[in-house]
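Asks: Residue numbers (this note's numbering), protein chains in the order written: chain A, 1 to 290; chain B, 291 to 368. Cβ atoms here follow ideal geometry from the backbone N, Cα and C, with glycine treated the same way. It should be emphasised that the depicted structure is a prediction, and the values quoted were computed from it without experimental measurement.
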Amino acid sequence: MAAVAGAAAVEGRDRFGLGWRPELAAGILANLDRIDLIEVIADDYFNAARRDLRALRTLAAQVGMVLHGVSLGLASTVPVTLRRLDRMARLIEATGAESWSEHLAFVRGGGIEIGHLAAPPRNEASIEGACRNLGCAARIVGCAPLVENIATLVAPPASRLDEPEWIERIVCRAGVGLLLDLHNLYANAVNFGDDPHTFLRRLPVERVVAVHLSGGQWINGPNGVRRLLDDHLHDVPPEVFALLRELGRLAPQPLTLIIERDGRFPPIARVLEQLDTARATLAAGREAAP
Amino acid sequence: MSSPAMEEFLARLYTDEPVLAEFLRMPSETARAAGLSDTEVSALAGADRIGLVMAAASFRAKRERRKSRHRLLLWRMR
Numbered sequence: 001m002a003a004v005a006g007a008a009a010v011e012g013r014d015r016f017g018l019g020w021r022p023e024l025a026a027g028i029l030a031n032l033d034r035i036d037l038i039e040v041i042a043d044d045y046f047n048a049a050r051r052d053l054r055a056l057r058t059l060a061a062q063v064g065m066v067l068h069g070v071s072l073g074l075a076s077t078v079p080v081t082l083r084r085l086d087r088m089a090r091l092i093e094a095t096g097a098e099s100w101s102e103h104l105a106f107v108r109g110g111g112i113e114i115g116h117l118a119a120p121p122r123n124e125a126s127i128e129g130a131c132r133n134l135g136c137a138a139r140i141v142g143c144a145p146l147v148e149n150i151a152t153l154v155a156p157p158a159s160r161l162d163e164p165e166w167i168e169r170i171v172c173r174a175g176v177g178l179l180l181d182l183h184n185l186y187a188n189a190v191n192f193g194d195d196p197h198t199f200l201r202r203l204p205v206e207r208v209v210a211v212h213l214s215g216g217q218w219i220n221g222p223n224g225v226r227r228l229l230d231d232h233l234h235d236v237p238p239e240v241f242a243l244l245r246e247l248g249r250l251a252p253q254p255l256t257l258i259i260e261r262d263g264r265f266p267p268i269a270r271v272l273e274q275l276d277t278a279r280a281t282l283a284a285g286r287e288a289a290p
Numbered sequence: 291m292s293s294p295a296m297e298e299f300l301a302r303l304y305t306d307e308p309v310l311a312e313f314l315r316m317p318s319e320t321a322r323a324a325g326l327s328d329t330e331v332s333a334l335a336g337a338d339r340i341g342l343v344m345a346a347a348s349f350r351a352k353r354e355r356r357k358s359r360h361r362l363l364l365w366r367m368r
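#1: Distance check for serine 214 of chain A and arginine 202 of chain A, CA to CA, integer angstroms please.
#2: Using 8 Å as the cut-off, can you tell me whether the stretch 321-328 of chain B makes contact with the stretch 134-141 of chain A, which would need three or more C-beta pairs spanning the two stretches below that distance?
#3: For the putative contact between leucine 117 of chain A and isoleucine 167 of chain A, defined by C-beta atoms under 8 Å, what is the C-beta separation to the nearest angstrom?
#4: Given that a residue counts as buried once 16 or more other Cβ atoms are within 10 Å of its Cβ, and exposed if not, what is leucine 342 of chain B?
#5: Count the other C-beta atoms from every protein chain shown that fall within 10 angstroms of the C-beta of proline 120 of chain A, then say buried if there are 16 or more, exposed otherwise.
#6: Out of curiosity, what's the CA-to-CA distance linking leucine 18 of chain A and serine 332 of chain B?
#7: What are the partner residues of glycine 248 of chain A, as DSSP defines its beta bridges?
#8: I believe leucine 334 of chain B touches alanine 105 of chain A by the beta-carbon criterion, under 8 Å. Please report the beta-carbon distance rounded to the nearest angstrom.
#9: Determine contact between the stretch 302-309 of chain B and the stretch 256-275 of chain A, defined as no fewer than three beta-carbon pairs at a distance below 8 Å.
#10: Give a yes or no on whether the minimum CB-CB distance between leucine 229 of chain A and chain B is below 9 Å.
#11: Kindly indicate the opening and closing residues of the beta strand (DSSP E) around asparagine 31 of chain A.
#12: Quick check on DSSP: helix, strand or coil for glutamine 62 of chain A?
#13: Tell me the DSSP bridge mates of isoleucine 219 of chain A?
#14: Once the 5 residues before and after glutamate 260 of chain A are set aside, which same chain residues still bring their CB inside 6 Å of it?
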C-alpha cells in the first residue's frame with residue numbers, strides 16, 4: 001500500500017478540495033482557509049507561457065496541488081508516446097505538484113482523436129496495455145499516476161469482463177492507486193442495470209487514494225432509452241453522497257476528495273457548501289465503520 | 291479481441307457519423323471491411339447500439355464545446 005499512498009496518507013487526514021477552473025479561481029483564492037487542495041487539469045498547461053507556470057507554482061506554494069491528465073489514453077493496446085509523458089513530467093517539475101492522475105480510457109485510435117474519454121473493450125488485452133502504459137508512465141514521469149474510472153454511455157463493445165473486475169485487475173497488477181470517481185461509478189451502474197453499492201464493494205477499496213465527486217443529468221436516447229450523463233454541470237446528487245458515506249465506512253485510509261465542476265458555475269458559497277457536505281458525509285461513514 | 295485495429299474502429303464509430311450509420315445497418319460487414327478479425331467482428335455483433343449512438347453524440351458535443359472554449363481562450367489572449 002505504501003507505493004500508492006497519496007499526500008492525504010502522508011498527512012494522515014482526509015483532505016477536501018476543488019477542481020481549479022478560471023471561473024472558480026477568485027472564489028477559491030478568497031476561501032483558501034476552507035480548501036485543502038486544488039486539482040489542475042494538466043492539459044490546460046502543457047503549452048503554457050512561463051509566466052503562467054510561475055503563477056501555478058506560486059499557487060502550489062499556498063495550497064496543495066495535484067495534476068489531472070485527460071489525454072494520455074493509458075487504457076489502450078497502443079503504447080503511450082514518450083512525448084506526452086515527458087510533457088507531464090515537465091509540468092510536475094515546473095509546478096511542484098504533489099501527484100498526478102489519469103483516466104482508464106482510450107482517447108484516440110489510428111490517428112483519430114475522439115476528443116474525450118472512451119471506455120476500451122474490457123478484456124485481457126486492454127488490461128495488458130494499461131499495465132504496460134502505467135509502467136512506462138511511472139518510469140518517464142518519475143511516479144505512477146492515480147488512475148480514474150470513467151463514465152461511459154455505451155457498454156464498451158467487445159468486452160469480456162465487467163467494470164469492477166477490470167479495474168481491480170489493472171490497479172492490483174500495476175500497483176497503482178485508484179482515483180475513484182463516485183459519480184462515474186454511479187452513472188455506469190444505473191445505466192447498465194447494476195447496483196451502485198454492490199459495484200463499490202467489489203472494487204479494491206484499500207487502493208482508493210482519492211475521490212472525485214460531481215453531478216450529471218439524464219438524457220434521452222433512441223427508443224425512449226434514458227441514460228445518466230456525467231457532465232460536471234450539476235450539483236453532487238444525494239445518491240453519490242450516499243456512496244461516499246459507504247466508502248468512508250469501508251476504507252479506513254486517509255482520502256483526498258475533489259469536487260469537479262466544469263460549467264453552469266454556481267456561486268462559490270454553493271460549491272463550498274457541497275464541500276462541507278462531503279466532509280460531513282465522509283466523517284459519518286468513518287464513524288459507522290465496524 | 292482488443293487491438294489497435296479495434297480501437298481505431300471504435301474511434302471511427304465515435305467520430306464519423308456515416309460510418310456509425312453504416313455499422314448500425316450492417317455491423318459485421320462494416321467491421322470486416324475495416325480489417326477486424328473474425329473474432330473481433332463477432333464480438334461486435336452484440337454491441338450496445340443505443341449506447342453507441344448516445345456516446346457518439348456526447349463525444350461530438352464535447353468536441354464542439356472544446357472548440358468554442360479554445361476560441362474563447364484565443365480571444366482572451368488577444
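Replies: Concretely, from the data shown:
#1: 21 Å
#2: no
#3: About 14 Å separates the two Cβ atoms, so there is no contact after all.
#4: buried
#5: buried
#6: 44 Å
#7: In the DSSP output, where bridge partners are listed per residue, glycine 248 of chain A has none listed.
#8: Not a contact, Cβ separation roughly 19 Å.
#9: no
#10: yes
#11: No beta strand (DSSP E) contains asparagine 31 of chain A, which DSSP labels as neither H nor E.
#12: helix
#13: A:Arg227
#14: Gly19, His212, Ser214, His232
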